[in-house]
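See below for the structure under consideration.
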Amino acid sequence: MSKSSRFRPALMSIGLLAALSAGGTGLYLGLSGSGAADAQPITVQPPAGAPMSFADLIERVSPAVISVNTKTVTQTSDEMRTWMERYRGQPGFDDFMRRQGIDPDNPDTLPEREGRSQGSGFFVSRDGHIVTNNHVVRGATEITVVLKDGRELPAKLIGADPSTDLAVLKIDDAGQFPYVSFAEQPGLRVGDWVVAVGNPFGLGGTATAGIVSADGRDIGGQYTDFIQIDAPINRGNSGGPTFDLSGRVVGVNTAIFSPTGGSVGIGFAIPSNV
Numbered sequence: 671m672s673k674s675s676r677f678r679p680a681l682m683s684i685g686l687l688a689a690l691s692a693g694g695t696g697l698y699l700g701l702s703g704s705g706a707a708d709a710q711p712i713t714v715q716p717p718a719g720a721p722m723s724f725a726d727l728i729e730r731v732s733p734a735v736i737s738v739n740t741k742t743v744t745q746t747s748d749e750m751r752t753w754m755e756r757y758r759g760q761p762g763f764d765d766f767m768r769r770q771g772i773d774p775d776n777p778d779t780l781p782e783r784e785g786r787s788q789g790s791g792f793f794v795s796r797d798g799h800i801v802t803n804n805h806v807v808r809g810a811t812e813i814t815v816v817l818k819d820g821r822e823l824p825a826k827l828i829g830a831d832p833s834t835d836l837a838v839l840k841i842d843d844a845g846q847f848p849y850v851s852f853a854e855q856p857g858l859r860v861g862d863w864v865v866a867v868g869n870p871f872g873l874g875g876t877a878t879a880g881i882v883s884a885d886g887r888d889i890g891g892q893y894t895d896f897i898q899i900d901a902p903i904n905r906g907n908s909g910g911p912t913f914d915l916s917g918r919v920v921g922v923n924t925a926i927f928s929p930t931g932g933s934v935g936i937g938f939a940i941p942s943n944v
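Residue numbers (the numbering used here): 671 to 944.
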């Protein structure tokens, strides 16, 4: 099994999967926003020692975590054109194609294909800036975010960096949104508690907990300093945050090591200080 086949994006895709992701903090530092200057990000007083419950932490930070739903439209593939050429003129084929509104003599009339995928993201400013992964929104013709209270709001892509697989979205609706902040220096050690919140398999608002299993992981690609965590993340967690016990974002969930596509307890996040 090749190395690339074992590492899978933590992205839920309906009919179409995307590629690996990464994330960081540089864009947050430049996003002051109209409401960020007079507002404070969510923080949590960490408990002493091992927590008996993560409930207080999750209750505070989860409103800032959202689901990202996208729609993509792609041109008809070369395979479809080849298929049309192969069967054109066969008994009943041309009539069937015409009933579908397709001219069998003109491959350009083949319909475009629509794909949908789901990922995660989180607010980094009160006025509606959102960080997610580039691969979650790459090629999207329509982006909708789903808030914890169930509201579905359109979002637009502000900017993306394919090299780190980071993207920033913005909600146009006027509002004051709960947001979280990045830990500029995570200071994580192997064994520290972390909590991941996201949208695995479309199940928004899902929280999982675990520890930092390792750091400085190289799983291929341009970035070679992933945090390895055992908090379960799955497809759909791409772009979601990993929190420390103070409610600060210490990483952006991006990929899993899995022969099957499901969580086996080995996930990867980009450190927030990137």
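Built from N, CA and C at the ideal position, the CB exists for glycine as well.
Look at PHE724 here: in three-state DSSP terms it is coil, with no helix or strand label. Contact between VAL838 and GLY829 holds: CB atoms are separated by about 5 Å, below the 8 Å threshold. Under the three-state reduction of DSSP, ASN869 is assigned to coil, being neither helix nor strand.
Between VAL882 and VAL864, the C-beta spacing is below 8 Å. Within its own chain, the residues whose Cβ lies closer than 6 Å to the Cβ of ALA853, once the five positions on either side in sequence are excluded, are ARG918, VAL920, SER942, listed in chain order. For the 8 Å CB-CB criterion, SER790 and GLY880 do not form a contact.
Taking each of ARG821, ASP895, VAL794 in turn and checking the Cα distance to GLN710, the smallest one comes out for VAL794. When the alpha-carbon of PRO774 is set against those of PRO832, GLU784, GLU782, ARG751, the nearest one is in ARG751. Boundaries for ARG768: no beta strand (DSSP E) harbours it, while the alpha helix (DSSP H) harbouring it runs 763-769, taken from the DSSP string. Residue burial is scored here from C-beta neighbours: ALA884 has fewer than 16 other C-beta atoms within 10 angstroms and is therefore classed as exposed. Judged by DSSP in its simplified three-state form, VAL816 adopts strand.
Annotated three-state conformation of ALA734 is helix, per DSSP.
Here ARG758 is exposed. Its C-beta has fewer than 16 other C-beta atoms within 10 Å. In the three-state reduction of the DSSP assignment, GLU822 falls in the strand class. A distance below 7 Å between beta-carbons, with the five flanking residues on each side excluded, links ALA939 to the following residues of its chain, in chain order: PHE896, ILE897, ILE899, THR912, GLY921, VAL922, ASN923, THR924.
Relative to the Cα of ASP914, the nearest Cα in the group THR878, GLU812, ASN739 belongs to THR878. With a 10 Å radius around the Cβ and a threshold of 16 neighbouring Cβ atoms, VAL860 comes out exposed. Our two residues, GLY762 and ARG768, have alpha carbons roughly 10 Å apart in a direct line. Of the residues assessed, LEU873 falls on the exposed side of the cut-off, its CB having fewer than 16 other CB atoms within 10 angstroms.
In the structure shown, ASP778 falls within a helical segment according to DSSP collapsed to helix, strand and coil. Taking every protein chain shown into account, the CB of ALA866 has 16 or more other CB atoms within 10 angstroms, so this residue is buried.
The beta-bridge partner set that DSSP reports for PHE852 consists of VAL919.
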